[in-house]
Structure formats: structure tokens, C-alpha cells
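Residue numbers (numbering that gives the first Met the number 0): 0 to 304.
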Amino acid sequence: MNNKTIFYAIVLSMLVTLTIGCASTNNTPTPTPSQADERNQLDQVIRRASDYLNDFLRDERGATIVIIAAHPNFWGLSNYIINGLSRNAVNDRTFRVADRTQLGDVEILFQQNSGRVSDETLLSLTRVTGASVYFAIDITRTRNEYTFNLRAVDIETQVLAGHEIFVFESTQFIDDLSYRDPNAPIYAIVSVRGDQDGRIEKAFTEVLNSNGIRSIQSGTDLYSLNASLELQDVDSDDPRFAYVRYILNYSFRLPSNAEVFSKTISDRVQHRNTPEARNRAIQMVEHFIRSDGFSTDLTNNISRL
Numbered sequence: 000m001n002n003k004t005i006f007y008a009i010v011l012s013m014l015v016t017l018t019i020g021c022a023s024t025n026n027t028p029t030p031t032p033s034q035a036d037e038r039n040q041l042d043q044v045i046r047r048a049s050d051y052l053n054d055f056l057r058d059e060r061g062a063t064i065v066i067i068a069a070h071p072n073f074w075g076l077s078n079y080i081i082n083g084l085s086r087n088a089v090n091d092r093t094f095r096v097a098d099r100t101q102l103g104d105v106e107i108l109f110q111q112n113s114g115r116v117s118d119e120t121l122l123s124l125t126r127v128t129g130a131s132v133y134f135a136i137d138i139t140r141t142r143n144e145y146t147f148n149l150r151a152v153d154i155e156t157q158v159l160a161g162h163e164i165f166v167f168e169s170t171q172f173i174d175d176l177s178y179r180d181p182n183a184p185i186y187a188i189v190s191v192r193g194d195q196d197g198r199i200e201k202a203f204t205e206v207l208n209s210n211g212i213r214s215i216q217s218g219t220d221l222y223s224l225n226a227s228l229e230l231q232d233v234d235s236d237d238p239r240f241a242y243v244r245y246i247l248n249y250s251f252r253l254p255s256n257a258e259v260f261s262k263t264i265s266d267r268v269q270h271r272n273t274p275e276a277r278n279r280a281i282q283m284v285e286h287f288i289r290s291d292g293f294s295t296d297l298t299n300n301i302s303r304l
């Protein structure tokens, strides 16, 4: 075989290899988004809704509002969106969102009557929360798309003050949230070791209640929230202050005792004396549970319950 023949053989071999490589690349299936990616897509929709709220209330900075699910459909998804809007409000510091535990039976009445309730019921929102406007969440689905309606209603006049629509595609993460049965009762037993004043148990219970989980003392087929709180005095590196370290551990489990999620948080706080530092530490733990800590963990895992 002469040199020219050898050269053509090598070139032909390289072309075949490249062709096979390209074919293999083109036939490689597109990777499906991970659950984190799907959750991020929904969080971006919530972020846009939060931006709408911020703009709507730009002249009422610091005002208190109520965010409520007007219909029982897609309970888990509505709950995720409301918690996300509330969390963004805390971080944006534009306005305050009334704690859903303050609403009592108002949200249930909304859902039972397709968003139509009496004037007295609406005015009770103002008396209890101090809010003058509520934002009603309503979600519908058409094929592979969800439509999220966000309506602003003046509580006193019941006049529609604002309306925005957000459309997003279905994903497995969203579907898992959507089809949770709102009528299926969930009961959990809450146990917090080291909670002398009951403040930490109260914070956990309020977050569970706002997510449709009722605290109960005993029974069968119960979910469980086990937590422990430690407050440790820390040697002061500044004689003007007293230092206390808090350590909170918690674990949420299914009736089978399988763990759904758990976390440990720890930090050091300071104040003028030890009792005040300890009180400040407990306040920090309460804030973590109610805002972007335990509340977020529960919201992100609600579809697994």
C-alpha cells in the first residue's frame, strides 16, 4: 500500500468516527429538569407576583395585607404560593403580611363560598389584622398550564382594586403540590424539649396550622415534630454584653416514623445581661420558625406528606 492510499484510509476513518460521534450526540436524550430546577421555575413566578405586590403597594410602605386562598382547588400549590409571597415580603421589607393563623375560619369560609363572604366576615379581617386590603389567590388549570389569578380587594368597599394573572407550565413538582387532597386531615404531635415557656412549641404549632396540619396530643397515625432547644451561656469577649448561644434541632416524621426533613440551627446573640440575651435568642428562634426556616422546609416538603 503506497503513502497516498494510507493517507486516504486515515482520512476516511476519521470521517466515519466523526459521523458516528455526531449521530450519538444527536440521539442523546435531553436531560429532564431536576426537582430543584422545577421548584426554581415556580419560585420565579412567585417572585414576579411579589414584584407586582411591591409595585401595587409602593405608596403604602409598611402597610399590612392579607393573602388568602379564595378556593380549595389546588390546595398544596396555593399554600406554596402564599408562603412564598409571605417569605418574599419579609425579605423585601415593603409591607407586612398578616399571619394566616390570625384568620381563624375566614379562609375556610372563603373556600366554602367560592370567595363570597359576608361584609361582617370581611370586616373581621380588618379588626383582627389591621389590614385594609386582601389579596385572593385563585388557581385554575388548562391542559399543561396553570393560571394563577391574584386579585386585590378593598376590604371595606369590596371593590376590586387590582388584578394580575400569571401563567406557568405544569411540572412534576407543581403537579405533586397541586393534587394534595385538602380534605384529608393531617394531625401531628409536637414535642419540644427545653422549651420552658412554650414559646417554641407555639411557633411550630402556628406554622403547622397555617399549612393545614393540626396539632394533637395523642392518637393513632400521627405525624410527629420532635425538636430540642438549648441555650448556652458563652464566655463574654466584651464585658459590656452577655452572650448566649442557641441550638435548635428539629425533625418532622411520617406516621411510619420515616423522616421527611430535619435541620439544626445555631447562632450566638448578645445583650446587656444574660436574661435579656436568652430572651433575644428565643426571639431569633421564633422568627426562624415562622419566616424562612421551618416554614420553608414544611412548604417545600408538603407534597411528600
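Each residue gets a CB set at the ideal place from its N, CA and C atoms; glycine is no exception.
Please read all numbers here as calculations on a predicted model, not as lab measurements.
Coarse secondary structure for ASN272, derived from DSSP in three states: As a working note, residue 272 is residue 273 in the sequence shown. Of the three classes helix, strand and coil, the one that applies to ASN272 here is coil, per DSSP.
By the 10 Å Cβ neighbour count, where 16 or more other Cβ atoms means buried, how is GLY61 classified, buried or exposed? Reading the sequence shown from its first residue, position 62 is the one you call residue 61. Label assigned to GLY61: exposed.
Let me know the secondary structure DSSP gives ASP50 once reduced to three states. Position 51 of the sequence shown holds residue 50. Correct three-state label for ASP50: helix.
With ILE80 as the anchor, note down where its alpha helix (DSSP H) starts and where it stops. Start at 1 with the first residue of the sequence shown, and residue 80 comes out as number 81. Where ILE80 is concerned, the enclosing alpha helix (DSSP H) stretches over 74 to 91.
Best match in TYR186, ALA135 and ALA187 for proximity to GLU163 [C-alpha to C-alpha]: Position 164 of the sequence shown, counted from the start, is the residue given in the question as residue 163. Checked all of TYR186, ALA135 and ALA187; the closest Cα to GLU163 is ALA135.
Check SER169 in the structure and name its three-state DSSP category. Residue 169 sits at position 170 when you count from the first residue of the sequence shown. Three-state result, SER169: coil.
Contacts around ARG198, its chain only, beta-carbon distance under 8 Å, and the 5 residues preceding and following it disregarded: Taking the first residue of the sequence shown as position 1, residue 198 is located at position 199. Around ARG198: ILE281 and GLU285.
Helix or strand or just coil, what does DSSP make of PHE147? As a first step, residue 147 must be located in the sequence shown, where it is residue number 148. Three-state result, PHE147: strand.
Would you mind reading off the limits of the alpha helix (DSSP H) that contains LEU207? The sequence position of residue 207 within the sequence shown is 208, counting from 1. Here the alpha helix (DSSP H) through LEU207 covers 198 to 209.
Measuring CA to CA, which of TYR245, ILE154, ASP220 and TYR222 is closest to ILE232? By 1-based counting over the sequence shown, the position of residue 232 is 233. First, the residue type needs correcting, since residue 232 is Asp and not Ile in the sequence shown. Nearest option by C-alpha distance: TYR245.
Can you name, in chain order, every residue of its own chain whose Cβ lies under 8 Å from the Cβ of ASN90, other than the five neighbours on each side? By 1-based counting over the sequence shown, the position of residue 90 is 91. Around ASN90: ASP291.
Quick check: the Cα distance between ASP175 and ASN300, rounded to an integer number of angstroms? On the sequence shown, position 176 is the one that residue 175 refers to. On the sequence shown, position 301 is the one that residue 300 refers to. Those two C-alpha atoms are separated by around 10 Å.
Euclidean distance between Cα positions of THR273 and ALA241: Here residue 273 corresponds to residue number 274 of the sequence shown, with the count starting at 1. Here residue 241 corresponds to residue number 242 of the sequence shown, with the count starting at 1. THR273 and ALA241: Cα-Cα distance of roughly 5 Å.
Between the stretch 189 to 196 and the stretch 152 to 166, can you find at least three pairs of beta-carbon atoms closer than 8 Å? no
Does the stretch 67 to 80 come close enough to the stretch 139 to 153 to have 3 or more Cβ pairs within less than 8 Å? yes
Which first and last residues belong to the alpha helix (DSSP H) in which SER294 is found? Translated into positions along the sequence shown, residue 294 becomes position 295. 293 to 300 is the span of the alpha helix (DSSP H), which, as asked, contains SER294.
Spatial neighbours of THR204 within its chain, please: C-beta separation below 7 Å, excluding the five flanking residues on both sides. What you label residue 204 is simply residue 205 of the sequence shown in a count that begins at 1. These residues qualify, in order along the chain: VAL189 and SER214.
Pair within 8 Å by beta-carbon distance, LYS262 and ASP296: Here residue 262 corresponds to residue number 263 of the sequence shown, with the count starting at 1. Here residue 296 corresponds to residue number 297 of the sequence shown, with the count starting at 1. Closer than 8 Å, so yes.
Could you say which of ASN210, GLU200 and ALA202 lies nearest to ILE185 if we only look at CA atoms? In the sequence shown, residue 185 corresponds to position 186, counting from 1. For the residues ASN210, GLU200 and ALA202, the minimum Cα distance to ILE185 belongs to ASN210.
Per DSSP, what kind of secondary structure is SER227 in: helix, strand or coil? Translated into the one-based positions of the sequence shown, residue 227 becomes position 228. Here SER227 sits in strand by DSSP.
PHE251 and TYR222: beta carbons closer than 8 Å? For the purposes of this step, residue 251 is taken as residue 252 along the sequence shown, with counting starting at 1. For the purposes of this step, residue 222 is taken as residue 223 along the sequence shown, with counting starting at 1. Yes, the pair counts as a contact, with Cβ atoms nearer than the cut-off.
Classification of SER33 by the beta-carbon crowding that lies within 10 angstroms, buried from 16 upward: For this step, residue 33 is matched to residue 34 along the sequence shown. The residue is exposed, with fewer than 16 neighbouring Cβ atoms inside 10 Å.
Go through its chain and collect everything with a Cβ distance to ASP234's Cβ below 8 Å, but skip five positions before and after it. Position 235 of the sequence shown holds residue 234. Here the set comprises TYR242.
Short of 8 Å in beta carbon distance, which residues of its chain neighbour GLY129, apart from the five on each side in sequence? Order them along the chain. Mapped onto the sequence shown, residue 129 falls at position 130. THR63 and ALA97, listed in sequence order.
For LEU306 versus LEU84, is the C-beta spacing smaller than 8 Å? Since the first residue shown for the chain is 0 and the last is 304, residue 306 is missing from the structure and cannot be characterised.
Check each candidate in PRO238, ASN87 and LEU228 and name the one with the smallest Cα separation from ARG271. As a first step, residue 271 is located in the sequence shown; it is residue number 272 there, counting from the start. Looking at the Cα atoms, PRO238 is the closest of the given residues.
With a threshold of 16 other CB atoms inside 10 Å of the CB of ALA35, please say whether the residue is buried or exposed. Here residue 35 refers to the residue found at position 36 when the sequence shown is read from its first residue. Result: exposed.
Give the straight-line distance between the Cα atoms of GLU258 and SER217, rounded to the nearest whole angstrom. By one-based count along the sequence shown, residue 258 stands at place 259. By one-based count along the sequence shown, residue 217 stands at place 218. Computed Cα separation, rounded: 19 Å.
Provide the residue span of the beta strand (DSSP E) that contains THR141, from first to last. Translated into the one-based positions of the sequence shown, residue 141 becomes position 142. THR141 -> beta strand (DSSP E) spans 132 to 141.
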